[in-house]
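Just so you know, our numbering puts 138 at position 136 of the sequence shown, and the rest follows in order with no gaps.
Note that the Cβ used here is the ideal one computed from N, Cα and C, for glycine as well.
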Amino acid sequence: MTSTRGSVPAPDTSPLPARPRLIATDLDGTLLHDDKSVSDRTIAALERAEEAGIEVFFVTGRPARWMDVVSAHVHGHGMAICANGAAVVDLHSGGKLLTARPLDRAVALDVVGALRDAAPGTTFAVEQTTGINYEPTYPAFAQDPGATIATAEKLLRSLGTDDGDPAPVLKLLAHHPELTPDGFLALARTVAGDRATLTRSSPTALLEISGLGVSKASTLALCCAERSISSDEVVAFGDMPNDLEMLAWAGTSYAMGNAHPDVLAAASGRTVTNNEDGVAVVIEQILARL
Numbered sequence: 003m004t005s006t007r008g009s010v011p012a013p014d015t016s017p018l019p020a021r022p023r024l025i026a027t028d029l030d031g032t033l034l035h036d037d038k039s040v041s042d043r044t045i046a047a048l049e050r051a052e053e054a055g056i057e058v059f060f061v062t063g064r065p066a067r068w069m070d071v072v073s074a075h076v077h078g079h080g081m082a083i084c085a086n087g088a089a090v091v092d093l094h095s096g097g098k099l100l101t102a103r104p105l106d107r108a109v110a111l112d113v114v115g116a117l118r119d120a121a122p123g124t125t126f127a128v129e130q131t132t133g134i135n136y137e138p139t140y141p142a143f144a145q146d147p148g149a150t151i152a153t154a155e156k157l158l159r160s161l162g163t164d165d166g167d168p169a170p171v172l173k174l175l176a177h178h179p180e181l182t183p184d185g186f187l188a189l190a191r192t193v194a195g196d197r198a199t200l201t202r203s204s205p206t207a208l209l210e211i212s213g214l215g216v217s218k219a220s221t222l223a224l225c226c227a228e229r230s231i232s233s234d235e236v237v238a239f240g241d242m243p244n245d246l247e248m249l250a251w252a253g254t255s256y257a258m259g260n261a262h263p264d265v266l267a268a269a270s271g272r273t274v275t276n277n278e279d280g281v282a283v284v285i286e287q288i289l290a291r292l
């Protein structure tokens with residue numbers, strides 16, 4: 003997310019754990035610059051963190067196939083939580099899927115129907131482990147040529163894997179051409195929030211819909227439990243509403259200077275903008291205190 007607000011410095015008094023064991027960072031609008039690059043300063047900070055024994059997790063709404071922006075910058079661990087918690091992948095193995103927390107297709111169909119009724123003009127895309135497919139009037143993805151174009155109902159009822167088994171649905175995307183982003187999210191949660199997890203990370207009215215209870219936070223918590231890492235030992239970074247649960251779960255959290263107002267209000271600390279390497283600024287502070 004790009005903001006016109008001024009930079010918000012990370013003061014020396016920002017809350018920091020005595021010795022964090024894991025850094026969890028969002029990508030777009032957080033770790034990445036607006037041009038989707040990773041700065042030399044950030045690359046160096048991530049490497050130094052892992053050398054100090056701090057594990058780094060990339061936690062993003064992106065699918066695994068869009069992780070090339072950081073796959074060259076993983077060091078000792080290379081783990082990533084993708085699709086807002088619906089997938090855990092190993093970047094050292096080319097994005098190999100380790101865990102999937104899918105959205106039930108019947109539930110997805112119910113959500114499609116509810117949003118069509120509540121917000122006429124909504125169009126949908128279906129993100130699966132095998133790729134993304136979308137409706138004829140849904141904004142096309144230049145990054146994903148060869149997608150199947152059909153109604154969401156047909157996509158959810160028919161698409162499977164090469165061996166004929168249904169490919170897990172990681173998330174449903176819903177776009178509206180006229181509603182405000184936050185207004186669309188509030189409406190969708192009213193009509194379908196009891197059936198699925200709804201959030202957003204785009205500056206447009208684009209919703210991301212996962213299985214009920216699936217979020218960056220819940221999947222990060224599972225991954226940390228496997229490593230005997232407590233929430234108090236986690237430092238998290240984010241900028242958009244899909245980061246809110248993760249920032250609340252982590253013992254220490256930072257909103258980027260360019261963050262959504264709700265994120266700025268929810269995080270325990272603030273850093274400078276993504277274009278000013280706000281994640282690296284805090285990591286450097288952490289390492290200086292070890």
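> How many angstroms separate the CA atom of V265 from the CA atom of M258?
Replying inline: V265 and M258 have their C-alpha atoms spaced approximately 8 Å apart.
>> Tell me the DSSP secondary structure of E137 in three-state form.
In response: Per DSSP, reduced to three states, the secondary structure at E137 is coil, with no helix or strand assignment.
> Is E57 helix, strand or coil by DSSP?
Replying inline: Here E57 sits in strand by DSSP.
> Which residue or residues does DSSP assign as beta-bridge partners of Q287?
Replying inline: Answer is none; Q287 lacks a bridge partner.
> Nearest to A154 by CA position, among K173, G215, D146, is which residue?
Replying inline: Nearest option by C-alpha distance: K173.
> How many whole angstroms separate the CB atoms of V58 and E52, which I take to be in contact at a CB cut-off of 8 Å?
Replying inline: With a contact defined as Cβ atoms closer than 8 Å, V58 and E52 qualify at about 6 Å.
>> Quick check on the burial criterion: 16 or more other C-beta atoms within 10 angstroms. Buried or exposed for T163?
In response: Confidence at T163 is low in this model, with a pLDDT of 44, below 50, so the placement of that residue should be treated as unreliable; the coordinate-derived value is given next. Burial state of T163 is exposed, judged by a 10 Å Cβ sphere holding fewer than 16 other Cβ atoms.
> Touch check for the stretch 114-123 and the stretch 220-239: three-plus C-beta pairs under 8 Å?
Replying inline: Short answer: they don't touch.
> Based on Cα-Cα distance, which residue from V91, I211, T221 lies nearest to G80?
Replying inline: That would be V91, whose Cα lies nearest to the Cα of G80.
> Is it buried or exposed for P104, if we count other Cβ within 10 angstroms and need 16 for buried?
Replying inline: P104 should be labelled buried.
> Is it true that the CB of A116 sits closer than 8 Å to the CB of N135?
Replying inline: Result no, Cβ atoms of N135 and A116 do not sit closer than 8 Å.
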